[in-house]
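In short: position in the sequence shown from 1, add 122, done, that's the numbering used here.
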Amino acid sequence: MYKQRVVLNRFLANVSVAQRNLSYAEKTNFASRHIGPRKTDVVAMLDTLNYKSINELTESAVPKSIQLNRELRLDEPLSEHHLIEKLRKIAKKNEIWRSYIGMGYHNCHVPHPILRNIFENPGWTTQYTPYQPEIAQGRLESLLNYQTLVSDLTGLEVANASLLDEGTAAAEAMCLCTRQNKRKKIYLSDKVHPQTLSVVQTRAVSLDIEVEIGDINDAKLTSRDLSGILVQYPDTNGDVKDFEEIAKVAKKNGTLVVVATDLLALTILRPPGEFGADMAVGTSQRLGVPLGYGGPHAGFFACKQSLVRLTPGRMIGVTRDIDGNDAYRLALQTREQHIRRDKATSNICTAQALLANMSAMYSIYHGPQGLKNIALDVHGKTNSVKNALVAGGHEVINNLFFDTLQVNPSLPLDEIKSRAAEKKINFRYNTDGTIGISFDETVKSEDIKDILWVFKCELNENKSGDNFDSPIDSTKFLRTSSYLTHPVFNSHQSETRIVRYMKKLENKDISLVHSMIPLGSCTMKLNSTTEMIPCSFRHFTDMHPFVPVEQAQGYQEMFKDLERDLCEITGYDNISFQPNSGAQGEYAGLRAIRQYHESLNQHHRTICLIPISAHGTNPASAQMAGMKVEPIKILQDGNIDMAHLREKAEEHSANLSCLMITYPSTMGVFEDTIAEICTLIHKHGGQVYLDGANMNAQVGLCRPGDYGSDVSHLNLHKTFCIPHGGGGPGVGPIGVKSHLAPFLPGHPVISPLENDSQSFGVVSAAPYGSSAILPISWSYIKMMGARGLKRATQVAILNANYMSRRLDGHYKTLFKDPKSNLVAHEFILDVREFKKTANIEAVDIAKRLMDYGFHAPTMSWPVTGTLMIEPTESEDKDELDRFCEALISIRQEIQDIEDGKISKTENPLKMSPHTQAQVVSDGWDRPYSREQAAFPNFHVKADSKVWPTVGRIDDAYGDKHLVCTCPPILPEFD
């Protein structure tokens, strides 16, 4: 025993300093798992920067005038297991009743292979938006499948890769109408879902678009001033109406027709494209995505080919790579806000890629016949209930329907409500005394019996079952055209095939499971497993957004708790969770500002000052909010030109609405003048909108609400750990000071405000936006606690400065604080000189990084020809060094070109990325070795190599030969 102790003591004495510095708390606390660098790493990095402590570093980086100088007042941090236990208790405060409310939201069965392999899989949830297509071919293919699904079912030529929800899609469609024919009046059918009507009305007000709502048959379609009409098919009461003649009249007068519709219904109903629709919108939620108390869900948008260049959001296109092989990419990016700014077709930055992928896989899993069988089953059950209700003496108002009945009951309404409550059933109770009942694929025979019990009816067993006479069969509404004929929808109906297909696509993409994604301003940090687990809790997923609030007390408790924490972190007084993306948060915040000014009879205040370095969504959102953008110059050091700002504020003083500013600056520096800027704007009667994209550099160190900002959106998919999902979901709640709180978003069905009489309107279809993923941010804050959150911010700043210093001598960091020589949590590498010296541009470095196993930094923004790097706090020193070594190695390759050792046109950068097929080809004829192409430094090893599956993409070819659905498979001939 003595000898064993001696051996043990010797072993412990030789344990590395790094291991001995791992205290018990560091091993068990979540913050130590979220933050990448170990204590010894922090010491080493601080030594590189010549700082003695991390507090000293961040006190030098952040202006003293805005430093918080106290600890955040948050709860003591929870362990991961305690967190899950507590959140389960909160979730169970939600009462899961059977909801037949409809209104665009339906329960569904999420296939378990999709639930496990996409929804719960970090290989699918942690990817970035596919701006680097060579390492995003998997989700690009899946999104192309989604576009094909939408295009086929709607009968229209083109679809995009998703929008935020049905209401947003409808609003975007109506705005497209006005852009197309330059008219300023739209007509909305009063049978459109009420939340959709509200979102469209809200959008129209700020753009001075006249809105008329009523019976579509009363619309003056012969008027030449009508831009577009919006109808619902089937409508909000379940009726299937004929709009063919209406579409013909509209077309004669140049009026566009938008149809909000249901994809599942379109498997048996005639599609909108066949009766004259110009656009179709809706939600694909019922195709394999949980209800989640309203989101996130993928909205869809389809249109005629002639409208493709006005289409909002992202669109996947087919192009070719350097070897002539088919490849996928984001098409027509010149439409997007980052290029077009206030003239963009939309302000959409994150959409709903993850949920669109789920719906695409759901449709592939079931196949066209499987989808039709589900639709027929839902329709058959609806028909059976209709017959039973009529036999029981109730009036069913619908003549033709798919899944929804509008019932005029013969029983007193109070009695029906009482009996429904006894069975824990939710119906839609309309103001005219009728009751809406909507069915979905989860409805069982016992559910039908309970529904009929509520109405004191019985099911006629002889008239139920699979064989029934549908009222649609003998009408013009029956679909006769084929859909989803492409092999991808007809080859994966076994679980073996679908799982392999999902894994095949996943393997084509780089995500955070492979390596760091160092995107400036995008904050691709850890999305922990513990944070993600609650997203699958049944008491969060199986809840309709329009259930009575008393049934959603778990959600309400979480909302209030998260609002309290976010207000403490930001210094604001109230939070609205309705905006379901950062761009929607911008729009909502600006609309609140406008409504505030209008409440003071200052309708004329419409000027929005925006630095030219701002995100492209900023001017696009300002335009959507009805504001006129005035750009503000920046200085050579990246800071706002204060003289120009004072000049513009003075010039527009009488009409100044607000300033939109990002802090720390978009150039990655804490500007000393931020408080002075806020005071200046307030002096001229304006408000300060602070873009929350860079909040990850502020949490625990300073608070926007303290130094003068009036409103911010918070990118919960950045600072607060909701994953990017390959291009969405995102969440962009807004924090406001108390004077703006009365003007926050309301809702026509379930208002999130105690009094919404002064609300500017509605931005999302659901009252609380993407509620189902808010547990992620709630969990992150609860596990990190005040000290953990501050430490994360400090390490984010440390990591960025360490990388910038490590790359000194190889690359120039474009902007640093002139006093401290520090950056904030991100920094910009200036690579523009290489264009002159070696014919190398930022895009070449971005593509070459793929060969090293990395996603590129943010490219050519905010300064053209540069790379913007944000390492986040989650990446450890080894990973930071690995990325720096890759960039240093690339710099040496550039040097070889500069020294004439290799061609300026045929070199590893210009011909990157390198695929496995290229490297093993018999025809290798490049003036550098295969090893240099594929294994360029010692960090790139065979057992961890990430292979791009296509060579460099030809963007120009894709825009000239636009294909946005699955290309036909040509038959092979001998």
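C-beta atoms are modelled at their ideal positions from N, C-alpha and C, and glycine is treated no differently.
Report the residue from 159, 547, 311 and 274 whose alpha carbon sits nearest the alpha carbon of residue 601. 274
One question on the structure: do residue 152 and residue 182 come within less than 8 Å of each other, judged by their Cβ atoms? No, Cβ-Cβ distance for residue 152 and residue 182 is not below 8 Å.
What did DSSP end up calling residue 857 once you bin it into helix, strand or coil? Here residue 857 sits in strand by DSSP.
Can you have a look at residue 1060 and say buried or exposed, based on whether 16 or more other CB atoms are within 10 angstroms of its CB? exposed
Taking Cβ positions, are residue 289 and residue 635 nearer each other than 8 Å? Between residue 289 and residue 635, the C-beta gap is not smaller than 8 Å, which leaves the two residues out of contact.
So within the region 631-669, which uninterrupted alpha helix (DSSP H) runs reach at least 4 residues, ignoring any that extend past its ends? 651-654 and 660-663
Between 961, 876, 666 and 477, which lies nearest to residue 846 when the distance is taken from Cα to Cα? 477
Nearest-angstrom Cα distance between residue 373 and residue 395? Rounded to whole angstroms, the separation of the alpha carbons of residue 395 and residue 373 is 13 Å.
Given this structure, state the Cα-to-Cα distance separating residue 339 from residue 368, to the nearest angstrom. 8 Å
Residue 813 lies in the beta strand (DSSP E); which residues open and close that run? 809-813
Grouping DSSP H, G and I as helix and E and B as strand, with all else coil, what is residue 978? coil
Classification of residue 84 by the beta-carbon crowding that lies within 10 angstroms, buried from 16 upward: Limits of the chain in this structure are 123 at one end and 1096 at the other, which puts residue 84 out of reach.
Every unbroken beta strand (DSSP E) within the region 952-1002, with a cutoff of 3 residues, ordered by chain: DSSP runs (the beta strand (DSSP E)) wholly in the region 952-1002: 988-991.
Using C-beta distances below 7 Å, list every residue in its chain close to residue 217, excluding the 5 sequence neighbours before and after it, in chain order. 673
Of the listed residues 309, 349, 332 and 403, nearest to residue 355 (C-alpha basis): 403
Measuring alpha carbon to alpha carbon, tell me which residue in 992, 809, 729 and 762 is nearest residue 795. 762
Rounded C-alpha distance that separates residue 305 from residue 776: 30 Å
Residue 1074 versus residue 439: straight-line alpha-carbon distance, rounded: 15 Å
Could you check what DSSP says for residue 676 in three-state terms: helix, strand or coil? helix
How is the alpha helix (DSSP H) around residue 707 delimited, first residue to last? 704-721
Does the contact criterion of 3 or more C-beta pairs under 8 Å hold for the region 632-650 versus the region 980-999? yes
Quick one: Cα of residue 442 to Cα of residue 509, how far? 55 Å
Applying the criterion that 16 or more other CB atoms from any shown protein chain within 10 Å of the CB defines a buried residue, is residue 1078 buried or exposed? exposed
How should residue 479 be labelled, buried or exposed, when 16 other C-beta atoms within 10 angstroms of its C-beta is the threshold for buried? buried
Neighbour-count burial assignment, residue 1046, 16 or more Cβ in a 10 Å radius: exposed
Nearest to residue 888 by alpha carbon, out of 431, 186, 699 and 348? 699
Whole-angstrom C-beta distance between residue 560 and residue 223, which should lie under 8 Å: 6 Å
Boundaries (first-last residue) of the beta strand (DSSP E) holding residue 782: 778-784
In the DSSP assignment, the beta strand (DSSP E) including residue 906 goes from what residue to what residue? No beta strand (DSSP E) holds residue 906; the alpha helix (DSSP H) holding it covers 896-928.
Is there contact here, the region 786-794 with the region 943-954, by at least three beta-carbon pairs under 8 Å? Judged by Cβ distances under 8 Å, the region 786-794 makes contact with the region 943-954, as three or more pairs qualify.
Using 10 angstroms around the beta-carbon of residue 130, count the other beta-carbons present and answer buried if the total reaches 16, otherwise exposed. At residue 130 the pLDDT is 44, less than 50, meaning the model places this residue with poor confidence; the figure from the coordinates comes in the next sentence. With fewer than 16 other Cβ atoms within 10 Å, it is exposed.
Exposure label - residue 188; buried when at least 16 CB within 10 Å: buried
Within a Cβ cutoff of 8 Å, which residues of the same chain sit near residue 574, ignoring the five residues on either side of it in sequence? Within the same chain, residue 574 has close Cβ partners 507, 510, 511, 514, 580 and 581.
Opening and closing residue of the alpha helix (DSSP H) in which residue 320 lies: 316-328
Can you tell which of 902, 344 and 327 has its C-alpha closest to the C-alpha of residue 198? 902
Meets three-Cβ-pair contact criterion under 8 Å: the region 684-704 and the region 820-833: As far as the Cβ criterion goes, the region 684-704 touches the region 820-833, which means the pair count is three or higher.
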